[in-house]
Each structure stands twice: as structure tokens, then as C-alpha cells.
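Written below as C-alpha cells is the structure these notes are about.
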Amino acid sequence: MSKVKLVTVSGGLSRPSRSAALAAAIARKLASQGSFDIHSVEIADLAAELGGVLSPKGAPPRIAEAIRTIESADALVVSTPVYRGSYTGLFKHLFDLIDYEALIGKPVLLAACGGAIAMRWSSTISFDRCSASSSP
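Residue numbers for the sequence shown follow our numbering, so the first one is 2 and each next one is one higher.
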């Protein structure tokens, strides 16, 4: 049986990132339940170059590699911090560069974490037979 290529995408802009930690925790839990080849894409690593990219054609090598990694995934774990009630702008921008057809039929687990006192919460996220818990 071949391994499933699981790609985590973290929309966090800081280091350390709770969004990256959440995505990694979910990936570890999934890996304990099956055969996964885990890759990660972190917006924090791409932020300096990502904002100026208008098209995937001619994107800088690191951005192009991130796009290829996401598009070639068998499954995605996507995590973002919540800023002002929404995901980060660079997070959306990266997914605007992804060919939407590459995501058709692909399982995607969405996760989010808030940072403000008013937005702190605990959640349990289920994915198939696996679950991961997160709390601030």
C-alpha cells in the first residue's frame, strides 16, 4: 500500500505559530492511524515573496514549489489564524494561485485558531477515524 501524500498548510505569519502547531498535531494524529507521507507549507516561510506574486507563472522558486506541493497532495490539512474574524490575506492569496481543478475530489480538513481573548476556544477536530484536540 502506498503512502498518502498529506500536505499541511499553515497560514500563520509568526514564529512560533499556533496554526502550524495545530496543523502538525493533526498530521501526527493522522499518521498514527495510517500510512502518510507528510509535507508542510508555511506562509511564514513565504511571506516576503508571496505578496508580490500575481500569477503562478513566473513565481519565485519557493512559491512555485509550494504551489506544486499543494496541487500534488492527496489530502490537505489547512490551518489559519483568525484575524479580525477571517483568515489571513496571504493565506487567501496563496490559495488564489492554486489551480482549483487540482483540488477537485481532494479531502481537505480546515482548522482555525483565534488569538484574541474574545476568540480563544478549544476544539476537537475529527477526520475520518482520527481526531485531534487543540486548546490555547
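For glycine and all other residues, C-beta sits at the position ideal for the given N, C-alpha and C.
For clarity, every value in this text was computed on a predicted model and none was experimentally measured.
CB-CB length for residue i against residue j, believed under 8 Å
i: Arg109; j: Leu77; result: For the record, residue 109 in the displayed sequence is Val; it is not Arg. Indeed they touch by this definition, with Cβ atoms about 5 Å apart.
i: Ala45; j: Gly90; result: Actually they do not touch by this definition, with Cβ atoms about 14 Å apart.
i: Ala26; j: Ser11; result: Not really, about 11 Å apart at Cβ, beyond 8 Å.
i: Ser36; j: Lys4; result: 5 Å
i: Leu51; j: Leu95; result: 6 Å
i: Thr70; j: Ile39; result: About 11 Å; that fails the 8 Å criterion.
i: Ile105; j: Glu72; result: Actually they do not touch by this definition, with Cβ atoms about 11 Å apart.
i: Ala28; j: Leu7; result: 6 Å
Reference residue i, options the options, closest by Cα
i: Val83; options: Ser3, Ala49, Val5 and Ser15; result: Ser15
i: Ile68; options: Ala24, Asp97 and Leu31; result: Asp97
i: Ala103; options: Lys93, Ala74, Val79 and Glu43; result: Ala74
i: Arg138; options: Leu31, Gly106, Ile105 and Gly115; result: Only positions 2 to 137 of the chain appear in the structure, and residue 138 is not among them; the question remains open.
i: Ala113; options: Glu50, Leu7 and Ser87; result: Ser87
i: Leu111; options: Val79, Ile105 and Ile99; result: Val79
i: Phe92; options: Ile39, Ile64, Lys107 and Lys6; result: Ile64
DSSP state of residue i mapped onto helix, strand, coil
i: Ile105; result: coil
i: Gly90; result: helix
i: Pro57; result: coil
i: Pro17; result: coil
i: Lys4; result: coil
i: Ala74; result: coil
i: Ile27; result: helix
i: Arg69; result: helix
i: Ile99; result: coil
i: Arg85; result: coil
Per DSSP, the bridge partner or partners of residue i
i: Ser41; result: Thr9
i: Leu51; result: BP columns for Leu51 are empty, so no partner.
i: Ala112; result: Ser80
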